[in-house]
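Q: What the sequence shown shows, in my numbering, is residues 15 to 136, in sequence order.
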Amino acid sequence: MKKVDPIQISNLPLKEWAKSKSRLLVLGKYPDYIKLAKSLEEKEISLDYFYLPSREWDSLSRNDRWKRNKDFISEKIRNSKCVIIISNYISSLDEVDGQLRDELDYLVELGYHIEDGFKVVK
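1) For Tyr47, count neighbouring Cβ atoms within 10 angstroms of its own Cβ and tell me buried if that reaches 16, exposed if not.
2) Quick one: grab the DSSP three-state call for Lys49.
3) Do you know whose CA, among Ser68, Pro67 and Lys52, lies nearest Leu61's CA?
4) Determine the burial state of Val122: buried for a count of at least 16 other Cβ atoms within 10 Å of its Cβ, exposed for fewer.
5) Does Lys136 come out as helix, strand or coil in the three-state DSSP assignment?
6) Consult DSSP for Leu74 and reduce its assignment to one of helix, strand or coil.
7) What separation, rounded to the nearest whole angstrom, lies between the Cα atoms of His127 and Glu55?
8) Cβ atoms of Asp116 and Trp80: under 8 Å apart, would you say?
9) If Ser101 sits next to Lys43, beta carbons under 8 Å apart, how far is it from one beta carbon to the other, in whole angstroms?
10) Does DSSP put Glu129 in a helix, a strand or coil?
11) Return helix, strand or coil for Leu66, following the three-state DSSP convention.
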């Protein structure tokens, strides 16, 4: 799984999404998705990403981490138009594990699929 270059992301119609009041929801492996989110924030793109300080994250069980993460994703896709991007290029779900796999499996259950290796669409 390779990191998605923010320049590659910049080829997407980010400005058009911003004008349509869509928000980006950035997913990915830590810390890659944080870096991608920050680089997009510098371009003044409206976005959301899940973050808990390390101390809090480390104190939670895997189930509690997933519950918070799932609740966050559910809220974002329910309450706003959003475009979901992944900070790591994915050619197959089989190459993904951990929390990112949980996130993608959940989105697949909701009818989403990965397009172009880094965009999740319904």
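Where is the CB? At the ideal position from N, CA and C, for every residue including glycine.
A: The relevant details are as follows:
1) The C-beta of Tyr47 has 16 or more other C-beta atoms within 10 Å across all chains shown, which makes the residue buried.
2) If DSSP states are grouped into helix, strand and coil, Lys49 belongs with the helices.
3) Considering only alpha carbons, the answer is Lys52.
4) It is exposed - the Cβ of Val122 has fewer than 16 other Cβ atoms within 10 Å.
5) The DSSP-derived three-state label of Lys136 is coil.
6) Coil, per DSSP.
7) Rounded to whole angstroms, His127 to Glu55 spans 25 Å at the Cα level.
8) With contacts defined by Cβ atoms closer than 8 Å, Trp80 and Asp116 form a contacting pair.
9) With a Cβ gap of about 7 Å, Ser101 and Lys43 count as contacting.
10) Looking at Glu129 - three-state DSSP - the assignment turns out to be strand.
11) Three-state result, Leu66: coil.
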